[in-house]
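Q: Residues 126 to 300 (our numbering) are what the sequence shown spells out, left to right.
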Amino acid sequence: MNKVFVLFILLSLGFLLTGCQTNVDNEPDPSEMVKISIFLPNDQYRASLSYQVPKDVRFLPLIPTTEIEGYTFVGYQDYRGYPITEYTTSSDTMAIYAIYTVNEHTLYFHVNGGVEMAPMTFKYTETIETNDFIPTKENHTFLGWFKDEAMTQPIGIFFAEDNDVHIYAKWTLNE
Numbered sequence: 126m127n128k129v130f131v132l133f134i135l136l137s138l139g140f141l142l143t144g145c146q147t148n149v150d151n152e153p154d155p156s157e158m159v160k161i162s163i164f165l166p167n168d169q170y171r172a173s174l175s176y177q178v179p180k181d182v183r184f185l186p187l188i189p190t191t192e193i194e195g196y197t198f199v200g201y202q203d204y205r206g207y208p209i210t211e212y213t214t215s216s217d218t219m220a221i222y223a224i225y226t227v228n229e230h231t232l233y234f235h236v237n238g239g240v241e242m243a244p245m246t247f248k249y250t251e252t253i254e255t256n257d258f259i260p261t262k263e264n265h266t267f268l269g270w271f272k273d274e275a276m277t278q279p280i281g282i283f284f285a286e287d288n289d290v291h292i293y294a295k296w297t298l299n300e
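#1: How many angstroms separate the CA atom of I224 from the CA atom of P208?
#2: May I have the straight-line CA-CA distance separating D287 from L232, to the nearest angstrom?
#3: Any idea which residues DSSP pairs V290 with across the strands?
#4: Please classify T255 as buried or exposed, where buried requires at least 16 neighbouring CB atoms within 10 angstroms.
#5: Among F198, V182, T190 and L165, which has the Cα closest to the Cα of S215?
#6: DSSP state of E157, grouped into three classes?
#7: Tell me the rounded alpha-carbon separation between T190 and G200.
#8: Mind checking which residues open and close the beta strand (DSSP E) that includes I188?
#9: If you count every other CB in all the chains shown that lies within 10 Å of the CB of A294, and 16 or more means buried, which is it?
#10: From the DSSP output, in three-state form, read off T261 for me.
#11: Using only CA atoms, which one of Y222, F258 and T197 lies nearest to D203?
#12: Within 8 Å (strictly less), CB to CB, does H235 reach chain B?
#13: Return the bridge partner residues of V178 from the DSSP annotation.
#14: Do you know how far the Cα of I292 is from the Cα of F234?
#15: Identify whether K295 lies in helix, strand or coil by the three-state DSSP scheme.
#16: Helix, strand or coil, according to DSSP, for T252 in the structure here?
#17: Can you tell which of E194, G195 and D154 has its C-alpha closest to the C-alpha of K180?
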């Protein structure tokens, strides 16, 4: 009788486990997923990333934001320009566009005794010709701009960096 009871328990447990089959790999059912393609602003929105996300689920929390040096991520929009919000869901394949703004920084002129010059705002994408900004100092000749206070690194043109920039004027006394 014990053997029959144990056999009954084992068979019942086997049927129970077979009837409750789950996806052991935790792979989502492909029919329950949608493809979200994200177009980045590089090369006029030709670069894209794709993610598979569950249908009808708020997908923005599932998608990492792509960092682009010199730019700040603003958000996403659809092809019509409508914003994609944290509440947006999709039941079908969807293309969204990442929106970024160019970072702005300040160029500070340290004139070292010359007539003060107002700081200048520049965008990360700009090239700055520092020799376009010539300070004046009584009885002195301007020798140029330098990256460092010790005036060992001359700078004539710089490609905008993703931070504020300080440049230093070097002078020679007129005789």
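Beta carbons are placed, not taken as given, at the ideal position from N, Cα and C, and that holds for glycine.
A: In short:
#1: 10 Å
#2: 11 Å
#3: L232
#4: buried
#5: V182
#6: helix
#7: 9 Å
#8: I188 -> no beta strand (DSSP E), and no H or E assigned at all.
#9: buried
#10: coil
#11: Y222
#12: As a matter of chain content, chain B is missing from the structure shown, which is built from one protein chain.
#13: V159
#14: 5 Å
#15: strand
#16: strand
#17: D154
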